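Chains as they are written, first to last, in my numbering: chain D, 1 to 40; chain F, 1001 to 1430.
Think of the CB as a built atom: it goes at the ideal place given N, C-alpha and C, for glycine as much as any other residue.
Model, not experiment: these values are computed from the prediction.
Quick notes on the structure that follows.
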Amino acid sequence: MTTYNLAVVGGGMGGLGAANRAAAMGAKVALIESGRLGGT
Amino acid sequence: MGCIPTKTLVGSAKAIHTAKRGAEFGFGVSGLEINWPRIRERKDKIVNSIVSGTERSLQRNPRIDLIRGWARFTGPGRLGVGDRIIEAERVIIATGVAPNIPDIPGLKEAGFFTNESVMDMESLPASMVIFGGGPEGMEFGQIFHRLGVQMTILQRRDRVLPREDEEISRELEVILREEGIAILTRAVPTRVEKLAGGRVAVTATVAGKQERIEADRILVAAGRRPHHLAELGLERAGIEGDPDKGIRVDETLRTTAPNVWAIGDVLGRLQHTHFAVYTSGIAVWNALRGEARKYDTSRIPGGVFTDPEVASVGLTAEEAQAQGRRVKIGKHPMRAVGRAQAMGETRGFTKFVVDADTNAVLGMHVLAHLGADLLPQGILMMHTGSIDPLQACVCIHPTLSEGVKSAAVNLKPLDAVATATGDLPDEEQH
């Protein structure tokens, strides 16, 4: 099982921002979202 | 996605409104038809294009695994999503907010829209009552009014947009009322009844008196609160927080669990997309690089996309004085700005709140066409530490920004400021 460097709970605008920035800094990221990306 | 859907509706509503102002601009329109399905299609097309672009870019990123489902903490650093266990060295919680539904007898039975469902309704109702006179209520009130729906806004507090500069609240309320939107303040809905034909009757106490308002539909715009926190199982990871106040963090966005940070709306502080994005950057630096960067809410701006727009950052004059500061105000009405007259967009004003001793910009408050785009000049000055650069710069003529500069160069001690109805000396027109 992968141990991620970072798990981001929620794929709204904040979560997306966190996931993308973390990945750009070299992290392996799990982004968890149940609905549409980007929030409402 | 990040408020884009409502802004597409604002665009459609503005275009329709301008078409109806033909006489001012020298044209006539007959047979103006509003096509709600087409307005929805335009919104969907724009939103889908942004969302699918985001999805594609995530799929192409080998470092990000997108996991679909609802997460819950199963222990410190461990999350469950369905049957799957996710282990992570660090976690950032960004679960956001959802519409707050007030506990009003009959409301659930009668049915209501929220900001999420109202934009996808099948057809426009003849009339709608909005519970809430904050940013969402005001935006939707004007949008749907412009699309031909008879709108009533019920606002609990004594003014709409209670967090904004008071002059802005008062002036915008007048503008929207004059446009034909009914706005009732100190209005608290107490009961909802379903009527025949799917209509509803709202009983409300309005400034102490009981009123009854009938309409086709209700839109609940009574704020948004952190959601999904109960299901998230915060206590299993030692994270303090609750559904009312959000997740507790220190000034570096760290929660009470050492490897967990929280960002954005779920903090229960500011609800703006740009705040969520801003805090995401800080949290990632702190989480991945072990830094202790602090987040700062004092220069986070906010906007309301009515027409004219409201945009503000920092302190109001009253708040600055309450802090014991000597304050100067610079205020300039848009009707004195040549470009605003040429555009036919003369409502509102720009206002600076400046520290009289240091010339530091403490706050900027705008009610104007494209107000949200005029505000960054004030935000920048808050970062430079002084209004002096703005006073020194040369603006293109004719622009709305000249109005901003005029407000910046005409600073007066607080008690000497002209009111919105005061006359300006001729030399201040341009």
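Taking CB distances under 8 Å as the criterion, tell me whether residue i reaches chain D.
i                  : result
Leu1288 of chain F : yes
Glu1055 of chain F : yes
Gly1344 of chain F : no
Arg1063 of chain F : yes
Val1051 of chain F : yes
Leu1066 of chain F : yes
Val1081 of chain F : yes
Gly1422 of chain F : Note that Gly1422 of chain F has pLDDT 44, beneath the 50 cutoff, so the model's placement of it is unreliable and the number below is only indicative. No, no contact with chain D.
Flag this pair as yes or no: are the beta carbons of residue i and residue j separated by less than 8 Å?
i                  : j                  : result
Ala1368 of chain F : Gln1391 of chain F : no
Tyr1295 of chain F : Glu1251 of chain F : yes
Val1310 of chain F : Ile1329 of chain F : no
His1272 of chain F : Gly1302 of chain F : yes
Val1313 of chain F : Thr1350 of chain F : no
Ala1204 of chain F : Leu1161 of chain F : no
Pro1105 of chain F : Phe1131 of chain F : no
Leu1502 of chain F : Leu1400 of chain F : The structure shown does not extend to residue 1502 of chain F, since chain F is modelled only from 1001 to 1430, so the question has no answer here.
Thr1185 of chain F : Arg1159 of chain F : yes
Val9 of chain D    : Ile1247 of chain F : no
Ile1168 of chain F : Arg1177 of chain F : no
Val1361 of chain F : Met1334 of chain F : no
Leu1267 of chain F : Met1128 of chain F : no
Glu1122 of chain F : His1145 of chain F : no
Ile1016 of chain F : Leu1147 of chain F : yes
Arg1072 of chain F : Leu1229 of chain F : no
Ala1262 of chain F : Thr1255 of chain F : yes
Ala1187 of chain F : Arg1212 of chain F : no
For residue i, count neighbouring Cβ atoms within 10 angstroms of its own Cβ and tell me buried if that reaches 16, exposed if not.
i                  : result
Pro1308 of chain F : buried
Gly1422 of chain F : Confidence at Gly1422 of chain F is low in this model, with a pLDDT of 44, below 50, so its placement is unreliable and the value that follows should be read with caution. With fewer than 16 other Cβ atoms within 10 Å, it is exposed.
Leu1032 of chain F : exposed
Cys1393 of chain F : exposed
Gln1210 of chain F : exposed
Gln1059 of chain F : exposed
Glu1041 of chain F : exposed
Asp1357 of chain F : exposed
Glu1402 of chain F : buried
Val1195 of chain F : According to the sequence as given, residue 1195 of chain F is Leu; it is not Val. With fewer than 16 other Cβ atoms within 10 Å, it is exposed.
Gly15 of chain D   : buried
Val1010 of chain F : buried
Gly1290 of chain F : exposed
Val1202 of chain F : buried
Ser1298 of chain F : exposed
Gly1385 of chain F : exposed
Glu1116 of chain F : exposed
Val1029 of chain F : exposed
Lys1108 of chain F : exposed
Lys1043 of chain F : buried
Ser1052 of chain F : exposed
Could you confirm whether any beta carbon from chain A is found closer than 8 Å to the beta carbon of residue i?
i                  : result
Ala1071 of chain F : The structure shown contains no chain A; the protein chains it does contain are D and F.
If residue i sits next to residue j, beta carbons under 8 Å apart, how far is it from one beta carbon to the other, in whole angstroms?
i                  : j                  : result
Ile1086 of chain F : Ala18 of chain D   : With a Cβ gap of about 15 Å, Ile1086 of chain F and Ala18 of chain D do not count as contacting.
Arg1090 of chain F : Ala1287 of chain F : 5 Å
Ala1098 of chain F : Arg1225 of chain F : 7 Å
Gly1069 of chain F : Arg1236 of chain F : Not really, about 17 Å apart at Cβ, beyond 8 Å.
Ile1050 of chain F : Leu31 of chain D   : The pair is not a contact, with the Cβ atoms about 17 Å apart (cut-off 8 Å).
Gly1096 of chain F : His1274 of chain F : About 14 Å separates the two Cβ atoms, so there is no contact after all.
Phe1305 of chain F : Thr1006 of chain F : 7 Å
Ile1004 of chain F : Ile1034 of chain F : That belief does not hold up - the Cβ atoms of Ile1004 of chain F and Ile1034 of chain F are roughly 21 Å apart, past 8 Å.
Ala23 of chain D   : Arg1293 of chain F : Their Cβ separation, rounded to whole angstroms, is 19 Å, which puts Ala23 of chain D and Arg1293 of chain F out of contact at 8 Å.
Gly38 of chain D   : Met13 of chain D   : 6 Å
Leu1315 of chain F : Thr1279 of chain F : That pair is no contact at about 21 Å.
Arg1347 of chain F : Ile1175 of chain F : 6 Å
Thr1152 of chain F : Ala1215 of chain F : 7 Å
Give, in chain order, every residue of the stretch 1262-1293 of chain F whose Cβ lies closer than 7 Å to some Cβ of chain D. Ile1263, Gly1264, Thr1273, Ala1276, Val1277, Thr1279, Ser1280, Gly1281, Ala1283, Val1284, Ala1287, Leu1288
Taking any Cβ of chain D, which residues in the stretch 1087-1106 of chain F have a Cβ under 7 Å from it, in chain order? Glu1087, Ala1088, Glu1089, Arg1090, Val1091, Ile1092, Ile1093, Ala1094, Thr1095, Gly1096
Contact residues within the stretch 1150-1177 of chain F, judged by C-beta distance below 7 Å to chain D: none
Short-range partners of chain D found in the stretch 1331-1365 of chain F, where Cβ spacing is below 8 Å: none
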